[in-house]
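Participant:
Structural data, given as structure tokens:
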């Protein structure tokens with residue numbers, strides 16, 4: 088089975104400081120993978136390299152078996168840790184913009200997700216709660232019917248109901264369409280039961296890559312695994 092995303096020997100430095108060191112892993116179709124690690128481990132940098140927003144200093148990125156291109160990257164949806172729309176933009180305008188940019192954009196699906204979040208089309212982004220804004224950005228991602236969905240801290244700063252709603256949307260997408268999903272998060276309680284695999288990043292290096300179920304059996308939970316591996 089060919090990989091959806093494959094990284095080999097990825098290295099990246101900023102100002103002479105190494106951020107990623109010989110990072111290698113592959114994502115298989117339909118897998119939900121948790122990319123875990125402390126702040127500063129290089130997770131966000133790695134995701135940006137994976138989607139072509141940053142170039143690595145060394146190493147190789149393959150997306151659907153080929154070097155990144157506009158065609159291959161169109162099959163990926165990326166939710167960064169911070170929104171990228173102007174604060175004065177209305178929800179309706181964000182939907183219209185996405186529909187113009189992405190050929191596969193499913194406006195009906197996006198509107199269904201937003202309806203569940205009680206979001207009105209005329210509302211400006213500056214008026215949204217953090218949870219509502221997160222749902223908007225996630226709706227724009229899943230409505231593209233991506234083959235690879237990459238989420239950078241999608242639950243950060245959200246209340247428990249918003250976190251649960253975000254997880255339900257992601258898992259519903261996985262159940263319906265089976266994309267590969269790569270998630271960075273510190274909120275393990277809501278998502279650890281949905282991971283198929285776990286990658287642990289520390290000081291820019293992959294220190295663990297394993298099936299999630301084997302880690303649950305060995306440690307009792309992924310949270311306990313994280314504590315023991317990161318604080319031996």
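In the working numbering, the protein residues as written are 88 to 319.
Where a beta carbon is used, it is the ideal one built from N, C-alpha and C, also for glycine.
(1) Between residue 312 and residue 302, is the Cβ-Cβ spacing less than 8 Å?
(2) What number of angstroms, rounded off, separates the C-alpha of residue 166 from the C-alpha of residue 306?
(3) Would you mind stating whether residue 199 and residue 182 have Cβ atoms separated by less than 8 Å?
(4) Could you give the residue range of the beta strand (DSSP E) that holds residue 304?
(5) Could you tell me if residue 219 is buried or exposed, where buried requires 16 or more neighbouring beta carbons within 10 angstroms of its beta carbon?
(6) Check whether the region 285-298 and the region 116-123 are in contact - that is, three or more C-beta pairs closer than 8 Å.
(7) Whose CA, out of 186, 211 and 217, lies closest to the CA of residue 231?
(8) Does the separation of the CB atoms of residue 96 and residue 115 fall below 8 Å?
(9) Please report how far the alpha carbon of residue 209 lies from the alpha carbon of residue 158, in whole angstroms.
(10) May I have the straight-line CA-CA distance separating residue 177 from residue 195, to the nearest angstrom?
(11) Less than 8 Å between the CB atoms is what I'm expecting for residue 233 and residue 162, so what's the real figure, rounded?
(12) Rounded to whole angstroms, what's the CA-CA distance from residue 325 to residue 154? Just pull it up for me.
(13) Excluding sequence positions up to five away, which residues of its chain have a Cβ less than 7 Å from the Cβ of residue 132?
(14) Could you have a look at residue 249 and say whether DSSP puts it in helix, strand or coil?
(15) Is it the case that the Cβ atoms of residue 92 and residue 137 are separated by a distance below 8 Å?
(16) Can you tell me which of 265, 294 and 240 puts its alpha carbon nearest to the alpha carbon of residue 273?
(17) Please name the residue in 139, 284 and 298 whose C-alpha comes closest to that of residue 156.
(18) Let me check understanding here. Comparing Cα to Cα, which of 190, 252, 215 and 237 lies closest to residue 150?
(19) Whose CA, out of 267, 89 and 144, lies closest to the CA of residue 102?
(20) What is the residue span of the beta strand (DSSP E) that residue 109 lies within?
(21) Name the residue from 268, 130, 164 and 304 whose alpha carbon lies nearest to the alpha carbon of residue 293.
(22) Does the beta-carbon of residue 284 have 16 or more other beta-carbons within 10 angstroms, so that it is buried, or is it exposed?
Facilitator: Inspection of the coordinates gives the following:
(1) Position 225 of the chain shown holds residue 312. Position 215 of the chain shown holds residue 302. Taking 8 Å as the Cβ cut-off, residue 312 and residue 302 qualify as a contacting pair.
(2) If you number the chain shown from 1, residue 166 lands on position 79. If you number the chain shown from 1, residue 306 lands on position 219. Answer to the nearest angstrom: the Cα atoms are 30 Å apart.
(3) Working through the chain shown from its first residue, we reach residue 199 at position 112. Working through the chain shown from its first residue, we reach residue 182 at position 95. Taking 8 Å as the Cβ cut-off, residue 199 and residue 182 do not qualify as a contacting pair.
(4) Within the chain shown, the letter at position 217 stands for residue 304. Unbroken run through residue 304 is the alpha helix (DSSP H), 299-306; no beta strand (DSSP E).
(5) Looking up residue 219 in the chain shown gives position 132. Buried is the call here.
(6) yes
(7) Here residue 231 refers to the residue found at position 144 of the chain shown. Taking only the C-alpha atoms, the option nearest residue 231 is 186.
(8) To locate residue 96, count along the chain shown from 1; it is residue 9. To locate residue 115, count along the chain shown from 1; it is residue 28. No; because the gap between Cβ atoms is not below 8 Å, this pair is not in contact.
(9) Residue 209 sits at position 122 when you count from the first residue of the chain shown. Residue 158 sits at position 71 when you count from the first residue of the chain shown. Roughly 33 Å separates the two Cα atoms.
(10) Against the chain shown, residue 177 aligns to sequence position 90. Against the chain shown, residue 195 aligns to sequence position 108. Taking the straight line joining both Cα atoms gives about 17 Å.
(11) In the chain shown, counting from the first residue as 1, residue 233 sits at position 146. In the chain shown, counting from the first residue as 1, residue 162 sits at position 75. 6 Å between Cβ atoms; contact.
(12) Given that the chain is displayed from residue 88 to residue 319, the structure contains no residue 325 and the question cannot be resolved.
(13) Sequence index remark: in the chain shown, residue 132 carries index 45 (1-based). The answer, listed in chain order, is 99, 106, 107 and 141.
(14) Within the chain shown, the letter at position 162 stands for residue 249. In the structure shown, residue 249 sits in a helix (DSSP, three-state: H, G or I).
(15) By one-based count along the chain shown, residue 92 stands at place 5. By one-based count along the chain shown, residue 137 stands at place 50. In contact: residue 92 and residue 137 (Cβ atoms closer than 8 Å).
(16) In the chain shown, counting from the first residue as 1, residue 273 sits at position 186. Comparing Cα positions, the closest option is 240.
(17) Taking the chain shown and counting its residues from 1, the one referred to as residue 156 is at position 69. Cα-wise, what sits closest to residue 156 is 139.
(18) For the purposes of this step, residue 150 is taken as residue 63 along the chain shown, with counting starting at 1. The residue with the shortest Cα to Cα distance from residue 150 is 237.
(19) Your numbering for residue 102 matches position 15 in the chain shown. Among 267, 89 and 144, the Cα nearest to that of residue 102 belongs to 144.
(20) Walking along the chain shown from the start, residue 109 turns up at place 22. Per DSSP, residue 109 belongs to the beta strand (DSSP E) from 104-114.
(21) Position 206 of the chain shown, counting from 1, holds the residue named residue 293. Closest by alpha carbon: 130.
(22) For the purposes of this step, residue 284 is taken as residue 197 along the chain shown, with counting starting at 1. By the 10 Å Cβ count, residue 284 comes out buried.
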